[in-house]
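Asker:
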Amino acid sequence: MPTWTSWQSFVPSIVRRATRNAGVYEIALDGRRWRYVVGWSSTIYYGLSNSGIRGRLETHLGGRGNATVYDFLRSGEPLKVRWWSTVHDPRPIECRLLDRFEQQFGERPLGNIQGCAI
5 MPTWTSWQSF VPSIVRRATR NAGVYEIALD GRRWRYVVGW SSTIYYGLSN SGIRGRLETH
65 LGGRGNATVY DFLRSGEPLK VRWWSTVHDP RPIECRLLDR FEQQFGERPL GNIQGCAI
């Protein structure tokens, strides 16, 4: 059964080693947490890629991905990332992650303005 990689710094040298497979990924604050409606979490964004996690993470690092992630990167905030590679459609996995997060913290992660769309 597929599982998450370990947390790693969200920097170009790590992203270059990310999988080219489809899957989901989680971006989080490294060293602090964000206040949500119900509690605190370091997670700020869940994402997916059908064509390769590495390319999608490179898009974020280049400022062309999620605006919230880019704002944290631009401010110098240290971020961390982990991913879960899959041969199946990653959308249902992302939807489950978003649903669980919202159930636990009372809202979606800061960067996930929209919910999932299956």
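Under the numbering used here, the first residue of the sequence shown carries the number 5, and numbering increases by one thereafter.
Beta carbons are placed, not taken as given, at the ideal position from N, Cα and C, and that holds for glycine.
Cα-Cα, which of Arg21, Gly35, Thr90 and Arg58 is closest to Lys84?
Answerer: Gly35
Asker: So what does DSSP say about Ile117, is it helix, strand or coil?
Answerer: coil
Asker: Given this structure, state the Cα-to-Cα distance separating Leu102 from Arg60, to the nearest angstrom.
Answerer: Computed Cα separation, rounded: 18 Å.
Asker: From the DSSP output, read off the bridge partner residues of Trp38.
Answerer: Ser45
Asker: Tell me whether Ala22 sits in a helix, a strand or coil according to DSSP, three-state version.
Answerer: coil
Asker: In the DSSP assignment, what are the bridge partners of Ala32?
Answerer: Thr47 and Lys84
Asker: Please return the same chain residues whose Cβ sits closer than 6 Å to the Cβ of Gly67, not counting the five positions on each side in sequence.
Answerer: Within the same chain, Tyr74 come within 6 Å of Gly67 by CB-CB distance, once the 5 residues on both sides are set aside.
Asker: Is Glu62 closer than 8 Å to Val19 when the C-beta atoms are compared?
Answerer: yes
Asker: With DSSP as the reference, label Gly67 as helix, strand or coil.
Answerer: In the structure shown, Gly67 sits in coil (DSSP, three-state: anything other than H, G, I, E or B).
Asker: Mind reading off the beta-carbon distance from Ile48 to Gly115? Whole number of angstroms is fine, and I expect it under 8 Å.
Answerer: 5 Å
Asker: Would the beta-carbon of Tyr40 fall within 8 Å of that of Gly110?
Answerer: Result yes, Cβ atoms of Tyr40 and Gly110 sit closer than 8 Å.
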